Amino acid sequence: MPVDPYILLLLVTVGIAALVPARGTAASVTSGASTAAIAFLFFLYGARLSTREAVEGLRHWRLHVTVLACTFLIFPLLGLAARGLVPVFLTHSLYTGLLFLTLVPSTIQSSIAFTSIARGNVPAAICAGSFSSLVGIVITPLLAAALLGDSGGGFSADSLVEIVLQLLVPFLAGQVLRRWIGRFVTRHKKVLGLVDRGSILLVVYTAFSEGMVRGIWHQVSPLRLGGLLVVEAALLAVMLALTWYGGRALGFGREDRIAIQFAGSKKSLASGLPMASVLFGAQASLAVLPLMLFHQMQLMVCAVIAKRRAHDAEGPAVGPEPAAASRTAVGTATRSG
20 MPVDPYILLL LVTVGIAALV PARGTAASVT SGASTAAIAF LFFLYGARLS TREAVEGLRH
80 WRLHVTVLAC TFLIFPLLGL AARGLVPVFL THSLYTGLLF LTLVPSTIQS SIAFTSIARG
140 NVPAAICAGS FSSLVGIVIT PLLAAALLGD SGGGFSADSL VEIVLQLLVP FLAGQVLRRW
200 IGRFVTRHKK VLGLVDRGSI LLVVYTAFSE GMVRGIWHQV SPLRLGGLLV VEAALLAVML
260 ALTWYGGRAL GFGREDRIAI QFAGSKKSLA SGLPMASVLF GAQASLAVLP LMLFHQMQLM
320 VCAVIAKRRA HDAEGPAVGP EPAAASRTAV GTATRSG
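Okay, so the sequence shown: first residue is 20 according to our numbering, each after it adds one.
Below is the structure:
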């Protein structure tokens, strides 16, 4: 099963933060740079999201509502149910990170990639991931305020204001300026993608450095990490089953069910890490650990599932097939994603 090279970079960054954490003036500089990087990251998200594609995607509203319900309703309910695993399997800090994981938006890139490999409805996956990211900028902080409260370690009502200023405002600015900079962003997608990933690495280094300086990593033992992996494997298995068989129960065809499964069972590392940095402050390193582990786990498992779906693509479909127009749009939608 594949190991995402970017996960390896993240782990290297965590190792550097453990060996050479930013302290004093360096910590202030990296914190300021991290804040600026997060704002720029969400500005780019806004500049990339095609309003036209989003509006066209609304035609398949039942599928998008299903994915949003999986992402922001079923996932959080399962996260709340996991509260009963404290303190046997999870510490309170790890549970807080696990619950936060269930609140973040779905992915875009990997959902599209796996849907394409499995021969599913790629345009639907593009729109579903985009809608989830857009809605998550607002919904994730609100859910965190309602479900995490003071347990977030530094989380407060002021964090909502900070989210608006640091995430939502840059995102909206990107949307407004897309008319003038959209082509530039598209032409330089690869270079800006490196900026994306570099920004997230900076966020990770800042969060884990602060965690090392404050000594919070002494709270986690290998046994607790093992328990966290077991819980996350069960969470992923439940969501993969619910999205697949639930899609069939709702009458979706095979291609739509594939999009629902891959978009509705994933959580975005790219969106979750910056949000955690804003919401949790000094506790961000422990808060993002469950998300980092879940991200790699979902990539490995979904890669296997996507290949199997591709092999049975010629088999009989269950329920109504998506419109033929969706199939003809696959090439265009893949290029735009």
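For each residue, glycine too, the CB sits at the ideal point set by N, CA and C.
What you are looking at is a predicted structure, and each value in this text was computed from that prediction instead of being measured.
Just the Cα atoms here: how many angstroms apart are I158 and P293? 15 Å
Tell me where the alpha helix (DSSP H) around G266 begins and ends. 241-268
For E340, collect the residues of the same chain with a Cβ closer than 8 Å to its Cβ; drop the 5 residues on either side in sequence, then sort them by chain order. Note that E340 scores a pLDDT of 42, beneath 50, so its modelled location is shaky; the value from the coordinates is reported in the next line. The answer, listed in chain order, is G272, R273, E274.
Which full runs of the alpha helix (DSSP H) of 4+ residues lie inside the stretch 52-114, going along the chain? Fully enclosed alpha helix (DSSP H) runs of 4 or longer: 70-76, 80-88, 94-100.
Quick one, which of R42, V183, S304, V123 has its alpha-carbon nearest L288's? V123
Do A66 and V204 count as a contact pair if the criterion is CB distance below 7 Å? yes
Which value, in whole angstroms, describes the spacing of the CA atoms of R243 and G291? 22 Å
Quick one: what does DSSP say T159 is sitting in, helix, strand or coil? Reduced to three states, the DSSP call for T159 is helix.
How big is the Cα-Cα spacing for G173 and Q185? Residue confidence is low: G173 scores 46 on pLDDT, short of 50, so the model does not pin down where it sits. Its coordinate-derived value is still stated next. Going from the Cα of G173 to the Cα of Q185 covers about 17 Å.
Counting C-beta neighbours from all protein chains within 10 Å, is the total for K286 16 or more, i.e. buried, or is it exposed? So K286 counts as buried.
Which residues bound the alpha helix (DSSP H) around V307? Segment 303-330, the alpha helix (DSSP H) holding V307.
Does the distance from the C-beta atom of I136 to that of A329 stay below 7 Å? It is a contact, given that the beta carbons lie within the stated cut-off.
On the CB-based measure, 16 or more other CB atoms within 10 Å of its CB, does A303 come out buried or exposed? buried
Count the other C-beta atoms from every protein chain shown that fall within 10 angstroms of the C-beta of Y264, then say buried if there are 16 or more, exposed otherwise. Its Cβ having fewer than 16 others within 10 Å, Y264 is exposed.
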